[in-house]
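Before any comments, here is the structure.
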Amino acid sequence: MKEELKYIPTQGNRFGDYSFGGFLDEEEEPEKLENKDGLRYPSIDELLLVVDSKYKLAYTSAKRAKIIKKTNHSSVDNRCVKPVGKALEEILAGKVTAKFE
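Quick note, this note's numbering runs 2 ahead of the 1-based positions in the sequence shown.
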């Protein structure tokens, strides 16, 4: 039987440990975060039109994300905040290419 929580659990650290976030009022619902774009932007279908393999896409975006994180510079105006999202936007814009043999 599932018990209703009378408190708000909050994630305390990157290991998934939870801590006490305060009590819930009777009418108060916990705040739900909305992620409108999330993993849908840039679309994998659009990216695969630019790069012919999802494995090459993963490799290229990871390498470019490392560079973006290190230099904090991107060559396009970004909607994404995280380095991997920025790298995928650059690949989609055609600013980043990779040569595989």
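Glycine residues also receive a C-beta, built at the ideal position from the N, C-alpha and C atoms.
The shortest CA-to-CA distance from Glu-48 to any of Phe-102, Leu-94, Gly-87 and Arg-66 is the one to Leu-94. With 16 or more other Cβ atoms inside 10 Å of its own Cβ, Lys-88 counts as buried. Per the coordinates, the alpha-carbon of Cys-82 lies some 13 Å from the alpha-carbon of Lys-71. Across the structure, Val-53 and Glu-103 are spaced so that their CA atoms are roughly 14 Å apart. For Tyr-57, the enclosing alpha helix (DSSP H) begins and ends at 56 to 73.
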